[in-house]
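For the sequence shown, this note's numbering assigns the number 118 to the initial residue and increments by one for each residue that follows. All C-beta atoms, glycine included, are put in the ideal place defined by N, C-alpha and C. Keep in mind that this is a model prediction, so the values were computed, not measured.
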Amino acid sequence: MNDTKNELNYKDLLDRIYMSLPNKALDDSRFILPTVESMVMGKQTIWKNFSKVAKTIKRDESQIYKFIMKEISTSSSIQNGTLILNGVFNNYKLNQIFEKYLKNFVICLACKKPDTDIVTQNGVKVLKCSVCGAINPLPKL
Ligand SMILES: [Zn+2]
């Protein structure tokens with residue numbers, strides 16, 4: 118009789134494991150946020166994966182560009198998928214600025230997921246979340 122009881126407990130345990138595993142695995146692989154890859158060349162800083170990053174987070178390069186320029190007042194240009202900044206900026210600083218951009222223009226305030234789109238609603242641009250459906254206000258650029 119003891120054997121039957123153990124079997125049931127084991128099955129219960131397995132059910133519990135299977136129920137808790139897949140969701141977490143899905144969440145983690147759904148969307149991996151990119152980071153800034155940069156290098157300093159003389160008096161310039163090259164953000165090497167600028168276009169790639171923009172594509173990954175589904176945002177216009179010009180919008181990210183505008184935000185970065187507001188954060189670091191320097192001149193720059195987009196060339197062959199890279200962003201070339203005049204001045205020396207370390208990678209940590211660039212990632213900090215990029216994270217600020219993500220918090221403002223990509224990550225959903227309600228569920229903290231980055232799976233969002235910028236849509237126009239009643240003439241106003243808002244951040245619409247594909248995961249929870251929340252509509253987030255966007256700061257002015
Ligand atoms: Zn959401």
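Opposing strand residues paired with residue i [DSSP bridges]
{"i": "residue 200", "result": "164 and 195"}
{"i": "residue 246", "result": "233"}
Assigned exposure category for residue i - 16 Cβ within 10 Å defines buried
{"i": "residue 179", "result": "exposed"}
{"i": "residue 233", "result": "buried"}
{"i": "residue 209", "result": "exposed"}
{"i": "residue 211", "result": "buried"}
{"i": "residue 255", "result": "exposed"}
{"i": "residue 155", "result": "buried"}
{"i": "residue 223", "result": "buried"}
{"i": "residue 249", "result": "exposed"}
Helix, strand or coil at residue i [DSSP, three-state]
{"i": "residue 211", "result": "helix"}
{"i": "residue 253", "result": "strand"}
{"i": "residue 179", "result": "helix"}
{"i": "residue 232", "result": "coil"}
{"i": "residue 241", "result": "strand"}
{"i": "residue 157", "result": "strand"}
{"i": "residue 171", "result": "helix"}
{"i": "residue 226", "result": "coil"}
{"i": "residue 258", "result": "coil"}
{"i": "residue 219", "result": "helix"}
{"i": "residue 185", "result": "helix"}
Inter-residue CB distance, residue i and residue j (contact presumed, cutoff 8 Å)
{"i": "residue 170", "j": "residue 153", "result": "7 Å"}
Subject >> the region 196–212 / the region 153–171 touching (three or more Cβ pairs under 8 Å) >> reply: Judged by Cβ distances under 8 Å, the region 196–212 makes contact with the region 153–171, as three or more pairs qualify.
**OP:** Spell out a yes or no on whether the region 182–193 and the region 234–248 are touching, meaning 3 or more CB-CB pairs, one atom from each, closer than 8 Å.
**Re:** With a cut-off of 8 Å, the region 234–248 and the region 182–193 do not count as touching, because too few Cβ pairs lie within range.
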